[in-house]
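Read left to right, the sequence shown gives residues 881 to 1185 (this note's numbering). One structure is given here, and the rest of the page talks about it.
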Amino acid sequence: MKTKLKIISLMLLPLVLMFFSACSDSTTDSGKTRLSPVTNLKAFSVNNTSVGLKWTKSVSENIADFDKYEIKIKRADTTVSTQYVNKGIDSVIISNLSNGVIYDFIVTAKVTSNSQNYIDSDPVQVRWSPAWRFTTEGTFPIQVYERTSSTGYASGLILYYFSLNVAPGPKTVSLLSADSSLIDIFVDSKGASNIALSSSHLYRPNRKITRFSTVEYSSETLNYPQFAPPDSATYTRFEITIDSVQVASSKIVYYKGSNGNYGRILIKRNPTNGTLIWGTSPEQYVRLEISYQSVPYNPYSKTSR
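Next comes the structure, spelled out in structure tokens:
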């Protein structure tokens, strides 16, 4: 009989442990209940000193002791700043960051200081970095024309051009200009009405190689939060074909430059014809916005080597 009881006890032990473990998920040793954390925490690069965060609000917001959200900004495990936002808010722009630095953004739902029944939620974290954002070339839209265009239309794009007398930014140039060796991407002609964003080396083999990720998103803005950048294994294409078909939205594509600089391109939808192509053949063009990570092999705009 003793042996039977011992066997039964051993069989019941895991169930007892599972019961107490389940109880401890929301109720702590102090007897207080932990607030539910935020979910779906995502990020995006706003510019070279700012990162945007977006989350789904904690389901505990209706609890009277729910106070606010705490956002810790860490660099290499060191907290560089802490910010707070009111409950009811599900997004924020974090400013005064350093260009190219990778940060951890940690969001915690906080209780009031005198709460008798609740404690703070578990923290939720996302990792991201600021990156340059360009919506214009100087004061003009970023427009790159297909290579069949007449002389004087720029078909090459330098993603990040800088000199002593010019602020850094994109530059469009002729495929045979003095700066042609710096071209990252050109717009190729694909039949009567289609075009392509193509790596510069497809025009001349000795030119720069740009790879495109297979990951794409439909969006009207580069302020499009994600859990993480595309994996490095997805950068397998040298060309993205743009068909002359109507689409519902602009498109985000991801690239990796020849020097290991990651980034995103927003290919803007033409509201007149509903496609991603502007103008008419043989002088069709794309209109772009660019996010560029100037620190090589930092994937957060867009994983590293």
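Here a beta-carbon is modelled for each residue, glycine too, at the ideal position from N, C-alpha and C. Since we're looking at a predicted model, the values are computed, not measured.
Just confirm the distance between the C-beta atoms of residue i and residue j, as a whole number of angstroms; I'd bet it's less than 8 Å.
| i | j | result |
| --- | --- | --- |
| Gly-1036 | Thr-1016 | Actually they are not in contact, since the Cβ atoms of Gly-1036 and Thr-1016 sit about 17 Å apart, beyond 8 Å. |
| Ile-986 | Gln-1005 | 5 Å |
| Glu-1167 | Gln-1023 | With the sequence shown as reference, residue 1167 is identified as Arg, and Glu is not the correct amino acid for it. At roughly 5 Å, the Cβ-Cβ gap stays under 8 Å, so Arg-1167 and Gln-1023 are in contact. |
| Arg-1149 | Leu-1102 | About 14 Å; that fails the 8 Å criterion. |
| Pro-1109 | Tyr-1180 | 6 Å |
| Gly-1137 | Thr-1090 | 6 Å |
| Ser-1093 | Ile-1132 | That pair is no contact at about 10 Å. |
| Ile-982 | Arg-1007 | 6 Å |
Given a cut-off of 9 Å, decide if residue j and residue i are closer than it, judged by their beta-carbon atoms.
| i | j | result |
| --- | --- | --- |
| Glu-1026 | Asp-1064 | no |
| Phe-1066 | Leu-1082 | yes |
| Ile-951 | Tyr-998 | no |
| Glu-941 | Ser-1030 | no |
| Phe-1146 | Ser-1130 | Going by the sequence as given, residue 1146 is Leu instead of Phe. Closer than 9 Å, so yes. |
| Gly-980 | Ser-1009 | yes |
| Arg-1048 | Thr-988 | Per the sequence presented here, residue 1048 reads as Pro, with Arg not at that position. Result no, Cβ atoms of Pro-1048 and Thr-988 do not sit closer than 9 Å. |
| Lys-922 | Tyr-949 | no |
| Ser-1073 | Phe-1118 | no |
| Thr-1028 | Ser-1161 | yes |
| Ala-1011 | Asn-1086 | no |
| Leu-977 | Thr-919 | no |
Expressed to the nearest angstrom, what Euclidean distance is found between the alpha-carbon atoms of residue i and residue j?
| i | j | result |
| --- | --- | --- |
| Ser-1060 | Ala-1034 | 11 Å |
| Phe-946 | Phe-1107 | 26 Å |
| Tyr-1165 | Gly-1159 | 6 Å |
| Arg-1084 | Thr-1121 | 19 Å |
| Val-1127 | Arg-914 | 46 Å |
| Val-965 | Gln-1173 | 28 Å |
| Thr-1116 | Asp-1000 | 44 Å |
Over the uninterrupted beta strand (DSSP E) stretch that includes residue i, give me the two end residues.
| i | result |
| --- | --- |
| Gln-996 | Per DSSP, Gln-996 belongs to no beta strand (DSSP E) and is neither H nor E. |
| Pro-1050 | 1046-1053 |
| Tyr-1165 | 1165-1172 |
| Ser-1098 | 1091-1098 |
| Asn-927 | 919-927 |
| Val-1004 | 1004-1008 |
| Asn-976 | Note, Asn-976: premise wrong, no beta strand (DSSP E); not H, not E. |
Cβ of residue i within 8 Å of any heavy atom in the ligand ZN?
| i | result |
| --- | --- |
| Arg-1149 | You won't find the ligand ZN in this model; it holds no ligand whatsoever. |
If you count every other CB in all the chains shown that lies within 10 Å of the CB of residue i, and 16 or more means buried, which is it?
| i | result |
| --- | --- |
| Gly-911 | exposed |
| Ile-969 | exposed |
| Tyr-1135 | buried |
| Asn-994 | exposed |
| Pro-1151 | exposed |
| Gly-932 | buried |
| Val-971 | Reading the sequence as shown, one finds Ser at residue 971 and not Val. Classification of Ser-971: exposed, given that the 10 Å Cβ count is below 16. |
| Val-991 | buried |
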